[in-house]
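S.K.:
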Amino acid sequence: MELAGVVDAVGAGTDWHPGDRVMAIVSPRRPGGGAQAELVVVPAASVALVPAGASLEAAATLPMNGLTVRLALDQLALQPGQTLGVTGAAGAVGGYAVELGVSDGLRVIAVAGPQDEALVKRFGAERVVPRGEAAVRGLRDAAPGGVDGLLDAAVLDAAVLPAIRDGGKLATVRGFAGPSERGITIEPVWVISYLHNQEALDQLGHLVAQGKLTLRVAETFPPERVAEAQRKLHAGGIRGRLVIVF
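For the sequence shown, counting from 1, position 7 maps to 6 in numbering that gives the first Met the number 0; every step adds exactly one.
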């Protein structure tokens with residue numbers, strides 16, 4: 000869904016020019032295909048400039064997960080000073096959730112393994128609690144009444160509901176929509192609804208340039224090694240993104 004590159008040609012009615020260094024997001028289900036190609040046609044509204052100082056490889060890691068988190072936080076609609084819980088905080092979605100939550104003025108409590116605690120604290124989490132069976136208890140210890148909202152990047156679904164306060168909100172990234180409990184609102188997040196939100200993508204780029212969002216490339220692959228990259232992705236445990244370079 001996400002890519003970065005140099006503009007080769009433009010249509011009428013756009014402010015983009017050949018030679019511009021851009022990042023973009025596209026739907027993989029569209030007739031023209033997704034982002035894994037040497038040449039990709041994208042709507043102008045799905046494009047933003049590569050952040051200042053970022054490589055094309057690094058910029059390619061931002062649009063899908065960055066917009067997913069931006070949409071999730073918009074749906075949670077927490078106010079500065081409220082508490083955000085984040086599961087899977089060392090991953091691509093979770094890491095952006097911590098950093099964007101902090102940028103939004105939220106108190107962020109993150110769930111991660113002990114090997115990732117230092118990394119997640121660098122993202123700005125106020126507290127990191129261990130993942131696994133102790134995660135809900137750790138979140139409750141850090142926020143005794145329960146967190147105001149939780150972004151479930153680890154896809155724990157109903158298992159994290161006890162960590163959320165009565166009447167709070169849960170943002171899910173794989174379609175989980177309930178059942179819920181104690182008046183908790185569940186917000187499934189579908190990034191496709193932000194495919195043409197150029198303002199949001201621009202703002203993400205500005206945050207990168209300001210040092211408030213971290214771009215992480217785990218490894219790059221030439222196109223002939225796409226299958227290997229897919230196997231690594233599905234095996235899990237990656238810190239950062241795998242990038243195909245054409």
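All C-beta atoms in this analysis are idealised placements derived from N, C-alpha and C, irrespective of residue type, glycine included. Owing to the predicted nature of the structure, the values given are computational and were not obtained by experimental measurement.
1) When the Cα atoms are used, what is the spatial distance from A58 to G10?
2) From what residue to what residue does the beta strand (DSSP E) around P187 run?
3) Just tell me which of A234, I163, I108 has its CA closest to the CA of G182.
4) Which same chain residues, not among the five before or five after E98, have their C-beta less than 7 Å away from its C-beta?
5) Go through its chain and collect everything with a Cβ distance to A171's Cβ below 8 Å, but skip five positions before and after it.
6) Does the stretch 68-87 come close enough to the stretch 44-55 that 3 or more CB-CB pairs lie under 8 Å?
7) Pick out the complete beta strand (DSSP E) segments inside the stretch 40-107, 3 residues or longer, and give them in chain order.
8) Counting along the chain, where does the beta strand (DSSP E) carrying E37 start and finish?
9) Assign I329 to one of three DSSP states: helix, strand, or coil.
10) Starting from F122, trace the beta strand (DSSP E) both ways and give me its first and last residue.
11) Pairs of beta-carbons, one from the stretch 217-232 and one from the stretch 4-23, closer than 8 Å: are there three or more?
12) Output yes or no for whether 7 Å exceeds the beta carbon distance between R130 and G112.
13) For A23, which of P17, V6, P30 has the nearest alpha-carbon?
14) Give the DSSP bridge partners of L212, in chain order.
15) By DSSP, does A3 sit in helix, in strand, or in coil?
16) Are the Cβ atoms of A34 and L2 separated by less than 7 Å?
17) Short of 8 Å in beta carbon distance, which residues of its chain neighbour A228, apart from the five on each side in sequence? Order them along the chain.
18) Grouping DSSP H, G and I as helix and E and B as strand, with all else coil, what is E218?
19) So, under 8 Å CB-CB, G148 and G167 are touching, yes? Tell me the CB distance rounded to an integer number of Å.
20) Below 7 Å between beta carbons: does that hold for P27 and M0?
21) Does the Cβ of A133 have 16 or more other Cβ atoms within 10 Å, making it buried, or fewer, making it exposed?
22) From which residue to which residue does the beta strand (DSSP E) around R20 run?
23) Within the continuous beta strand (DSSP E) that includes G148, where are the two ends?
M.R.: In brief:
1) Your numbering for residue 58 matches position 59 in the sequence shown. Your numbering for residue 10 matches position 11 in the sequence shown. So the two alpha carbons sit approximately 23 Å from each other.
2) Translated into the one-based positions of the sequence shown, residue 187 becomes position 188. It spans 184-187 - the beta strand (DSSP E) in which P187 sits, taken as one unbroken run.
3) Taking the first residue of the sequence shown as position 1, residue 182 is located at position 183. Minimum Cα distance to G182 is reached at I163.
4) Here the question's residue 98 lines up with position 99 in the sequence shown. For E98, where only same-chain residues beyond five positions count, the Cβ hits under 7 Å are F122, G123, K211, L212, T213.
5) As a first step, residue 171 must be located in the sequence shown, where it is residue number 172. The question names Ala, but residue 171 in the sequence shown is Thr. Closer than 8 Å at Cβ, skipping near neighbours: D151, V154, D156, I185, E186, P187, V188.
6) no
7) 46-48, 82-86
8) To locate residue 37, count along the sequence shown from 1; it is residue 38. Unbroken run through E37: none, as it is neither H nor E.
9) For residue 329 there is no data in the structure shown, the boundaries of the chain being 0 and 245.
10) Stepping through the sequence shown from its first residue, residue 122 is reached at position 123. Unbroken run through F122 is the alpha helix (DSSP H), 116-122; no beta strand (DSSP E).
11) no
12) Counting from 1 along the sequence shown, the entry for residue 130 is found at position 131. Counting from 1 along the sequence shown, the entry for residue 112 is found at position 113. It is a contact, given that the beta carbons lie within the stated cut-off.
13) Numbered from 1 along the sequence shown, position 24 holds the residue referred to as residue 23. Of the candidates P17, V6, P30, the one whose C-alpha sits nearest the C-alpha of A23 is V6.
14) By one-based count along the sequence shown, residue 212 stands at place 213. Note: L212 sits in no beta bridge, so no partner.
15) Start at 1 with the first residue of the sequence shown, and residue 3 comes out as number 4. A3: strand per DSSP, three-state reduction.
16) As a working note, residue 34 is residue 35 in the sequence shown. As a working note, residue 2 is residue 3 in the sequence shown. Yes, the Cβ-Cβ distance between A34 and L2 is below 7 Å.
17) As a position in the sequence shown, residue 228 is number 229, starting the count at 1. Closer than 8 Å at Cβ, skipping near neighbours: E218, F220, L241, I243.
18) Position 219 of the sequence shown, counted from the start, is the residue given in the question as residue 218. E218: strand per DSSP, three-state reduction.
19) For the purposes of this step, residue 148 is identified with residue 149 of the sequence shown, where counting begins at 1. For the purposes of this step, residue 167 is identified with residue 168 of the sequence shown, where counting begins at 1. Taking C-beta atoms under 8 Å as the contact rule, G148 and G167 qualify, at a distance of about 6 Å.
20) What you label residue 27 is simply residue 28 of the sequence shown in a count that begins at 1. What you label residue 0 is simply residue 1 of the sequence shown in a count that begins at 1. One thing to note: P27 has its Cβ within 7 Å of the Cβ of M0.
21) As a working note, residue 133 is residue 134 in the sequence shown. Under this definition A133 is an exposed residue.
22) In the sequence shown, the residue the question calls residue 20 occupies position 21. Unbroken beta strand (DSSP E) run through R20: 20-24.
23) Here residue 148 is taken as the residue at index 149 of the sequence shown, counted from 1. Here the beta strand (DSSP E) through G148 covers 146-151.
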